[in-house]
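To start, the structure under review is shown below, and the notes come after it.
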Amino acid sequence: MAPDGSSVTNELDGAVDVWSVREQKKSAKAGGTSHKPSSLYAKRVQVYPRKVSGQYRRLKWSALVALLGLYYVLPWIRWDRGSNAPDQAVLVDLNNERGYFFFIEIWPQEVYYLTGILVMAAIGLFLATSLAGRIWCGYACPQTVWTDLFMWIERQIEGDRSARIRLDRKPFSAGKAMRKATKHLCWLLIAFVTGGAWIMYFVDAPTVVGAFFVGKASAETYFFVGLFAFTTYLLAGWAREQVCTYMCPWPRFQAAMLDEDSLVVTYNKFRGEPRGPHRKGQQWGETSHCIDCKQCVAVCPTGIDIRDGIQLECIGCGLCVDACNEVMKKVGLPPNLIAFDTERRMAQRAQKEPQTYRLIRPRTVLYSFLLLGVSTLMIASLATRDTEGINILHDRTLFVRLSNGAIQNSYDVKILNKQRRERQFVLNTEGIPGAEIIVVGQSISPVPTVVLSAPADGLGEYRLHVRVPAKAITAGDMPIHFAMTDDVARKIVRATTFRAPQRR
Amino acid sequence: MPSNTEKDAYSGQATTGHEWDGIKELDTPLPRWWLWVLYATIAWSFVYFVLYPAIPGLTSYSKGVLGYSSRVEVGNKIAAARAEQGRFRDGIRQSPLAEIRTDDQLLRFALAGGKAAFADNCAPCHGVGGVGNPGGYPSLADDAWIWGGSLEDIERTILYGVRNDHEDSRSSQMPIFGRGEDAVLTPDQIADVAEFVLSMSKRSKNAEAMKRGAPLYKENCASCHGPTGKGDSEQGAPRLNDAIWIHGGSREAIIAQITRPKNGTMPAWSGRLDTETIKMLTVYVHALGGGQ
Chain A
1 MAPDGSSVTN ELDGAVDVWS VREQKKSAKA GGTSHKPSSL YAKRVQVYPR KVSGQYRRLK
61 WSALVALLGL YYVLPWIRWD RGSNAPDQAV LVDLNNERGY FFFIEIWPQE VYYLTGILVM
121 AAIGLFLATS LAGRIWCGYA CPQTVWTDLF MWIERQIEGD RSARIRLDRK PFSAGKAMRK
181 ATKHLCWLLI AFVTGGAWIM YFVDAPTVVG AFFVGKASAE TYFFVGLFAF TTYLLAGWAR
241 EQVCTYMCPW PRFQAAMLDE DSLVVTYNKF RGEPRGPHRK GQQWGETSHC IDCKQCVAVC
301 PTGIDIRDGI QLECIGCGLC VDACNEVMKK VGLPPNLIAF DTERRMAQRA QKEPQTYRLI
361 RPRTVLYSFL LLGVSTLMIA SLATRDTEGI NILHDRTLFV RLSNGAIQNS YDVKILNKQR
421 RERQFVLNTE GIPGAEIIVV GQSISPVPTV VLSAPADGLG EYRLHVRVPA KAITAGDMPI
481 HFAMTDDVAR KIVRATTFRA PQRR
Chain B
505 MPSNTEKDAY SGQATTGHEW DGIKELDTPL PRWWLWVLYA TIAWSFVYFV LYPAIPGLTS
565 YSKGVLGYSS RVEVGNKIAA ARAEQGRFRD GIRQSPLAEI RTDDQLLRFA LAGGKAAFAD
625 NCAPCHGVGG VGNPGGYPSL ADDAWIWGGS LEDIERTILY GVRNDHEDSR SSQMPIFGRG
685 EDAVLTPDQI ADVAEFVLSM SKRSKNAEAM KRGAPLYKEN CASCHGPTGK GDSEQGAPRL
745 NDAIWIHGGS REAIIAQITR PKNGTMPAWS GRLDTETIKM LTVYVHALGG GQ
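Going down the list, the sequences are from chains A and B.
For the record, in the first sequence the residue sitting at position 446 is 446 according to my numbering, with numbers rising by one throughout.
For the record, in the second sequence the residue sitting at position 7 is 511 according to my numbering, with numbers rising by one throughout.
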């Protein structure tokens with residue numbers, strides 16, 4: 001073994017050999033008798049990622065702290081909305097059918113704002129991927145963030161990569177059981193806090209925390225805290241990279257977002273190959289910089305060898321870049337043998353051409369414009385949305401003939417008042433002369449104009465009878481308009497139909 | 505089992521032996537934990553068998569150690585809903601009808617409760633939405649009321665019904681004018697009266713007959729239906745000078761009704777429905793379109 005390469009390996013990692021998941025699967029197959037059909041089921045190859053430090057690791061820690069901080073702190077931020085409204089800044093109040101986000105309040109029928117946010121998130125994801133590969137997967141995905149946290153805890157309790165491998169190979173002992181139990185306990189604790197924080201986005205945070213520990217929270221609360229605690233524990237503790245490779249659809253089609261100018265985690269093949277140990281005193285050339293120390297494999301959270309090229313399992317976290325740069329520094333070579341780089345630059349470097357990077361490409365321009373367009377649409381619609389509305393539903397009974405020959409239609413009317421004060425609305429009909437209105441619960445004699453009120457941040461529901469004199473009936477279906485005017489003379493007109501007998 | 509399975513040179517994985525347009529499929533094994541998930545679901549099914557009713561027998565079934573029953577659950581939910589409705593039902597019971605009609609909360613509760621009770625008890629005759637049915641089942645959505653359209657009148661009609669055995673039932677009925685040994689009117693006279701009745705809604709085409717019918721009407725009909733045909737809800741005598749006819753408004757239908765009247769009936773609901781339900785029905789019917 002070459003002194004340079006192996007000494008680095010030993011120093012960083014002890015004496016445990018490093019194999020990628022793919023190599024281990026392959027060798028498992030080769031070990032079996034070749035004429036026997038392979039098993040229907042494959043045992044999971046355990047990944048033991050080594051601790052690493054460097055700029056991408058620091059970036060990953062920052063993202064983790066920022067995102068977890070946001071997740072756990074957000075429900076505790078208060079926002080005064082006056083009396084009779086929750087004072088939690090971010091709240092999805094399912095019981096009262098309202099969604100709150102700081103100064104924004106949405107009603108169930110405005111759920112398209114949520115759709116808009118999802119569309120923006122999707123386009124944002126496309127844009128980020130076309131620019132810098134799977135940075136979502138590597139830095140921001142909840143699966144990555146919680147797995148990272150769980151791995152950190154694992155490392156604190158069971159030690160780094162080789163210590164963990166040795167521990168797992170050891171026979172059962174009290175010490176081993178103790179370490180494992182502590183680890184799982186810590187995991188479960190975090191999982192519980194995760195599930196607990198999730199429920200706070202749906203019920204008032206201080207109230208639910210108070211109620212939870214004295215057994216006064218609702219059954220749904222306990223169920224969902226349990227469910228999310230369990231899934232967190234399972235996915236971040238046990239499933240880990242299998243979520244990305246088996247469950248998540250994103251890795252399967254993310255390649256469609258990439259082109260030769262996207263920054264992706266890549267191994268500079270022309271510079272690294274032919275790989276192999278480096279002899280002491282031997283001169284470094286232009287190539288053969290990879291000493292095959294396999295530190296890129298040892299730190300990989302999904303257990304791949306990045307030198308095999310871009311692959312489905314790679315989540316683009318860049319930890320192998322950090323690992324390789326550590327080694328390059330030690331052996332006195334320039335960094336970035338593995339780097340966030342583009343296919344085009346790599347090819348140009350290999351050809352000794354000047355390296356170019358194109359930020360403005362059809363796809364980045366398209367995604368940017370789409371993102372800008374959808375955001376503008378969302379903001380414009382949010383800024384100009386009405387604080388009142390009216391829904392009119394014709395009764396199932398088509399029409400009723402009255403004793404004086406007049407025709408009566410009935411309507412169910414709902415007035416939406418999105419302001420935080422009770423409001424009065426003046427309602428009348430347009431389009432049919434002589435039409436008069438009776439509001440159930442108000443006067444029993446018909447009048448041309450009625451006044452309806454709607455409670456603060458609520459619905460005013462009314463049943464209306466509209467009477468049209470016989471002489472005004474001209475057709476079986478006559479268009480009629482309901483005009484609603486609020487106290488600042490804003491007018492909303494809704495068109496509907498007044499039905500009458502075809503033959504009179 | 506396809507025979508030409510082979511090892512893929514690149515991955516070392518066996519293929520399934522199938523080939524489509526030169527594309528072969530790797531026979532990649534499932535993850536082992538996938539199998540565990542299957543076992544877990546099977547284990548769960550046994551837990552379920554023990555906890556919940558599951559295994560049918562010849563005369564009964566295994567009850568499960570939790571003693572769960574969906575019927576009991578429904579019963580509990582209904583009881584809980586009743587308890588929840590308690591204060592509204594109290595309000596309905598204690599408030600006068602006019603107050604229920606103008607109180608926003610009680611009105612809403614009464615309309616919802618009345619709608620359900622109406623669909624169960626009244627709609628078979630009076631139709632969905634109270635639009636009435638041919639054959640003498642009057643519409644309740646218009647403004648013509650045989651026995652009165654005020655809240656009190658409607659409540660009384662629902663409570664005691666029409667022409668039934670109940671002692672407080674509305675009972676007056678239209679006599680037979682044209683049948684039997686001692687027929688009051690001859691067929692010709694009846695035709696003349698019918699012509700006069702048609703004239704009340706400005707539909708008479710025979711002035712002669714109408715004139716002949718006028719005195720006959722005054723003598724035989726006006727005491728109940730009124731001299732101008734405006735009807736009398738105290739006696740259940742429908743208005744005749746409007747556009748609404750329970751038993752038909754054509755000349756033939758009017759002649760038939762005078763000759764041998766159909767007298768509609770309605771059961772009394774006071775013994776069958778509780779006070780609150782009848783009050784809710786009253787408010788609901790009043791709100792259908794023509795309450796007075």
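The C-beta atom is built at its ideal place from N, Cα and C for all residues, glycine as well.
Within chain B, no C-beta atom comes nearer than 8 angstroms to that of residue 20/A; the closest sits roughly 13 angstroms away.
By the beta-carbon neighbour count (other beta carbons within 10 angstroms, threshold 16), residue 305/A is buried. Beyond the five residues adjoining it in sequence on each side, residue 198/A comes within less than 8 angstroms, by CB distance, of 224, 225 and 228 in the same chain, given in chain order. The beta-carbon of residue 440/A is placed less than 8 angstroms from the nearest beta-carbon of chain B. Under a 10 Å Cβ-count criterion, residue 358/A is classified as exposed, with fewer than 16 other Cβ atoms of the shown protein chains found around its own Cβ. Annotation for residue 130/A: 257, 258, 259, 262, 361, 363, 364 and 367 place their beta carbon closer than 8 angstroms to its own, counting only its chain and skipping 5 residues before and after. Annotated three-state conformation of residue 527/B is strand, per DSSP. For residue 451/A, the uninterrupted beta strand (DSSP E) segment begins and ends at 449 to 454.
Close to chain A, meaning a Cβ-Cβ distance shorter than 9 angstroms, are the following residues of the stretch 528 to 542 of chain B: 531, 532, 533, 534, 535, 536, 537, 538 and 539. Look at residue 414/A: its C-beta is not under 8 angstroms from any C-beta on chain B. Residues of the stretch 640 to 651 of chain B that bring their beta carbon within less than 9 angstroms of a beta carbon in chain A comprise 643, 645, 646, 647 and 648, in sequence order. Short of 8 angstroms from the beta carbon of residue 382/A, and not among the five residues preceding or following it, lie these beta carbons of its own chain, in chain order: 104 and 113.
Cα atoms of residue 56/A and residue 63/A: separation of roughly 10 angstroms, rounded to the nearest angstrom. Neighbourhood of residue 43/A in chain B, by CB distance below 7 angstroms: 536, in chain order. Within a 10 Å sphere around the beta-carbon of residue 783/B sit 16 or more other beta-carbons, which makes this residue buried. The shortest CA-to-CA distance from residue 315/A to any of 138/A, 478/A, 24/A and 40/A is the one to 138/A.
By alpha-carbon distance to residue 391/A, the top candidate from 502/A, 492/A and 205/A is 492/A. For the pair residue 154/A and residue 303/A, the Cα-to-Cα distance works out to about 17 angstroms. Approximately 7 angstroms separates the beta-carbon atoms of residue 401/A and residue 748/B; this is inside 8 angstroms, confirming the contact. For residue 573/B, no alpha helix (DSSP H) segment is defined, and its DSSP state is neither H nor E. For residue 235/A against residue 145/A, the beta-carbon gap comes to about 11 angstroms, at or over 8 angstroms, which does not count as contact. Here residue 484/A has 390, 425, 427 and 492 as same chain residues with Cβ atoms under 6 angstroms from its own Cβ, once five neighbours each way along the sequence are excluded. At least one CB of chain A lies nearer than 8 angstroms to the CB of residue 748/B. At a cut-off of 8 angstroms between beta-carbon atoms, residue 516/B makes contact with chain A.
Using a CB distance below 8 angstroms, the part of the stretch 386 to 411 of chain A facing chain B consists of 395, 396, 397, 400, 401, 402, 403, 404, 405, 408 and 410, ordered along the chain. Distance from residue 268/A to residue 54/A at the Cβ level is roughly 17 angstroms; contact not present, criterion being Cβ atoms closer than 8 angstroms.
Pairwise C-beta distances place the stretch 756 to 769 of chain B in contact with the stretch 670 to 684 of chain B, as three or more of them are shorter than 8 angstroms.
For residue 72/A, the enclosing alpha helix (DSSP H) begins and ends at 55 to 73. Short of 7 angstroms from the beta carbon of residue 752/B, and not among the five residues preceding or following it, lies no beta carbon of its own chain. Exclusion of the five residues before and after residue 237/A leaves 150 and 187 as the residues of its chain whose Cβ lies within less than 6 angstroms of its Cβ.
DSSP lists 410/A and 438/A as the bridge partner or partners of residue 465/A. Here residue 452/A is not near residue 468/A, since their CB atoms are 8 angstroms or more apart.
For the 8 angstroms CB-CB criterion, residue 20/A and residue 533/B do not form a contact. At a C-beta separation below 9 angstroms, residue 555/B has no neighbours in chain A, since its nearest C-beta there lies roughly 16 angstroms away.
Judged by beta-carbon spacing, residue 108/A lies beyond the 8 angstroms limit of residue 90/A, meaning their Cβ atoms are not closer than that value. Beta-bridge analysis with DSSP links residue 429/A to 482/A.
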